[in-house]
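Colleague: Take a look at this one; I'll ask things after.
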DNA sequence: GCTAGAGGACGGAGGAGCAGACCTTTTGGT
DNA sequence: ACCAAAAGGTCTGCTCCTCCGTCCTCTAGC
């Protein structure tokens, strides 16, 4: 009574592409790994400013929804890698190191998947751009103007510029009111930052980049989604072209070209 | 020697918003949960056609990178819920049920977070639209034309229409060559499908929706990113407006309006 | 000096996941 | 008619992650 219409389909090799996605490896990070990455990224991005203090362990583990011992694994690792400093005693705490260890070399996986990382960034930032046009309030955008000025002023100091750049993009994401997009924007910036720190940033490039920030903000302020989108695309393409020139065209997919 | 510049900052309550993201709960799904969701979604979306056979357990667990016992937990759950049928003996296997159990009521979390789900969909689909414009080949787009025809023909059969709709959007994602976007598109469709199945779909709406599909495909074929984006925004707004009318405006964030 | 508030260190309990062997049911081939 | 192959179904023991609770140690402020 079974003998279903069954599936000869195509013998495994020529499977429909969507199935390769469905059956792709399921890799669930451990709580420790995710915590380490979250905190590490936040530090590297400058979201946690050097010298600032993290919440006490007993409070933080509650917020993160993990056991204190698990949190401590991550903290200990970050202390050993020099990103954090632990100070004992009353009034002590865990502090972000003021002399960050130089950015690690981009990991092999990241280099191999840099195009995917850029693609993901494009998607997130476009969503942010459009939604910010609909939802951002003046109050949301004001601090972003200040960031643009700060970037203009600190154009010689690349780490500082980059930090403000990250804050700008994440700030725009916050203006959408979507927690998920904020998280995605943060993650995406984290993925890019190791790559970005390894490419040249001539003054003119940074200046132009910041002009684009201003254009973007103007478009968002005016609620002009079309302009925000095209500006964002250009803005992101800058990084991408540089990377494309430097890095091996890793995957097989991008030799494809549109033939129309 | 410590006594860092420390962080009075703002007493916890008025914390910078980005920190709430960083310190948000870290909830890593178990391998079992993720597998269950992946397979369940694929079935509900029709990516695994009714009657089709899954790879043998011993092969599938290898592909998913999990132990067979873990895989079986998920399979057993799906058998019990009626999504799958298990057939023993040589030539047997695990088959997608031909009489799917009616779509479950949208879960409470989904209803609460429907706007976030729509936001995520917007981001993913915009990224897909833009990248497809750059990268899609004629061969990628051909099957999508067929899907549009199929939707036109089957406009009276909503489940069928919806299935082709999903395949269209995922197919477009595949045309970008970005595995990550394909996965994201699949996930996003899965999140929407429960919601969508609970709203009305008058014939005219579906027809117009499919006209938008055609416009979209035309724009992508011409490599016209701006038009692809604006078409996609309109296309997605359709669903969103209907949902906004039906569902309580859950979160606090969306009472915000742009005051410019 | 004492106490409060911080990091630091164990140790045991529970559960998820893994690995591998084995059983049972069918079917296709010889 | 048989047997071997291919599938799902079962069981057991191990490992590692995570949790919880407890206690220790340091330090600043009163």
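Chains as they are written, first to last, in my numbering: chain A, 1 to 260; chain B, 261 to 520.
Ideal Cβ positions, reconstructed from N, Cα and C, are used throughout, including at glycine.
1) With 8 Å as the C-beta to C-beta threshold (strictly closer), list the residues of the segment 469-494 of chain B near chain A in chain order.
2) Ends of the alpha helix (DSSP H) at residue 284 of chain B?
3) Using a Cβ cut-off of 8 Å (strictly closer), state whether residue 316 of chain B contacts chain A.
4) Does chain B have any CB closer than 8 Å to the CB of residue 153 of chain A?
5) Cβ of residue 469 of chain B within 7 Å of any heavy atom in the ligand FMN?
6) Mind checking who residue 65 of chain A pairs with in its DSSP beta bridge?
7) Check each residue of the segment 367-381 of chain B: if its Cβ is closer than 7 Å to any Cβ of chain A, include it; give the result in chain order.
8) Beta-carbon of residue 384 of chain B versus every beta-carbon of chain A: anything under 8 Å?
9) In the structure shown, what three-state DSSP assignment does residue 190 of chain A receive?
10) Closer than 8 Å is the cut-off here; do at least three beta carbon pairs connect the segment 304-311 of chain B with the segment 16-29 of chain A?
11) Less than 8 Å between the beta carbons of residue 496 of chain B and residue 401 of chain B, yes or no?
12) May I ask which residues mark the beginning and end of the alpha helix (DSSP H) holding residue 372 of chain B?
13) Counting only beta-carbon separations shorter than 8 Å, does residue 66 of chain A have a partner in chain B?
14) Three or more C-beta pairs closer than 8 Å, one from the segment 202-209 of chain A and one from the segment 393-407 of chain B: is that the case here?
15) On the DSSP bridge list, what partners appear for residue 95 of chain A?
16) How would you list, in chain order, the residues of chain B whose beta-carbon sits under 7 Å from the beta-carbon of residue 34 of chain A?
17) Would you kindly work out how many angstroms separate the C-alpha atoms of residue 477 of chain B and residue 506 of chain B, rounded to a whole number?
18) Contact check, residue 213 of chain A vs residue 168 of chain A under 8 Å by CB: the rounded distance?
19) Could you say which of B/415, B/378, B/294 and B/385 lies nearest to residue 445 of chain B if we only look at CA atoms?
20) If the criterion is Cβ atoms closer than 8 Å, does the pair residue 113 of chain A and residue 97 of chain A meet it?
21) To the nearest angstrom, how far is the alpha carbon of residue 86 of chain A from that of residue 71 of chain A?
22) I need the straight-line Cα distance from residue 80 of chain A to residue 117 of chain A, nearest angstrom please.
23) Leaving out five residues before and five after residue 166 of chain A in sequence, what residues of the same chain have Cβ atoms less than 8 Å from its Cβ?
24) Is the beta carbon of residue 233 of chain A less than 8 Å from the beta carbon of residue 485 of chain B?
25) Just mark residue 89 of chain A as buried or exposed, buried being the case when its beta carbon has 16 or more other beta carbons within 10 Å.
26) Taking DSSP as the reference, what is the three-state secondary structure of residue 335 of chain B?
27) Excluding the 5 residues flanking residue 387 of chain B on each side, which residues of the same chain have their C-beta closer than 7 Å to its C-beta?
28) From the beta carbon of residue 354 of chain B, is the nearest beta carbon of chain A less than 8 Å away?
29) Is it buried or exposed, residue 434 of chain B, if we count other Cβ atoms within 10 angstroms and call 16 or more buried?
30) When the distance is taken between beta carbons, is residue 154 of chain A closer than 8 Å to residue 161 of chain A?
31) Output, in chain order, the set of chain A residues within a Cβ distance shorter than 9 Å of residue 337 of chain B.
32) Could you tell me which chain B residues have their CB closer than 8 Å to the CB of residue 21 of chain A, listed as they occur along the chain?
33) Please decide whether residue 420 of chain B counts as near chain A, where near means a Cβ-Cβ distance under 8 Å.
34) Please check if any C-beta of chain B sits within less than 8 Å of the C-beta of residue 4 of chain A.
35) Does DSSP classify residue 102 of chain A as helix, strand or coil?
36) Candidates B/451, B/333 and B/439: which alpha carbon is nearest residue 369 of chain B's?
Modeller: With the given structure in hand:
1) 481, 482, 483, 485, 486, 489, 490 and 493
2) No alpha helix (DSSP H) holds residue 284 of chain B; DSSP gives it neither H nor E.
3) no
4) no
5) With respect to the ligand FMN, the structure offers nothing, as it holds no ligand at all.
6) Note: residue 65 of chain A sits in no beta bridge, so no partner.
7) 376, 379 and 380
8) yes
9) helix
10) yes
11) no
12) 368-372
13) yes
14) no
15) A/53 and A/85
16) 286 and 288
17) 30 Å
18) 6 Å
19) B/385
20) no
21) 14 Å
22) 28 Å
23) 45, 46, 47, 189 and 193
24) yes
25) exposed
26) helix
27) 441
28) no
29) buried
30) yes
31) Within 9 Å Cβ-Cβ: nothing; residue 337 of chain B doesn't reach chain A, min ~15 Å.
32) 439, 442, 443 and 446
33) no
34) At residue 4 of chain A, the pLDDT of 38 sits below 50, so the modelled position is not reliable; the number obtained from the coordinates is stated separately. Yes, residue 4 of chain A counts as interfacial toward chain B.
35) coil
36) B/451
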